[in-house]
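Chemist: Per the working numbering, residue 180 is the first one in the sequence shown, and the count goes up by one each step.
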Amino acid sequence: MLTFAIENPTALEDTLLTVGSIAACLAAVIVGLIAYRNRR
Numbered sequence: 180m181l182t183f184a185i186e187n188p189t190a191l192e193d194t195l196l197t198v199g200s201i202a203a204c205l206a207a208v209i210v211g212l213i214a215y216r217n218r219r
C-alpha cells in the first residue's frame, strides 16, 4: 500500500488510484443521498 509513496507509480497504478478515488467519492455521494432521502 505504501510502495507508491517511495517509488514513482506506473501509469496503470496512477490510473487505478485515480479511478479508485473517484469511485470512493461517488459512493460517498450516493450513500449520502440515500440516507438523506430515507431521513425525510
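Here a beta-carbon is modelled for each residue, glycine too, at the ideal position from N, C-alpha and C. This structure is a prediction, so every number in the text was calculated from the model and none was measured.
Alpha carbon to alpha carbon, how far is residue 210 from residue 191?
Modeler: 28 angstroms
Chemist: Grouping DSSP H, G and I as helix and E and B as strand, with all else coil, what is residue 217?
Modeler: helix
Chemist: Report the three-state DSSP secondary structure of residue 194 (helix, strand or coil).
Modeler: helix
Chemist: Taking the straight line between their C-alpha atoms, what separation do you get for residue 218 and residue 205?
Modeler: Here the C-alpha atom of residue 218 lies approximately 20 angstroms from the C-alpha atom of residue 205.
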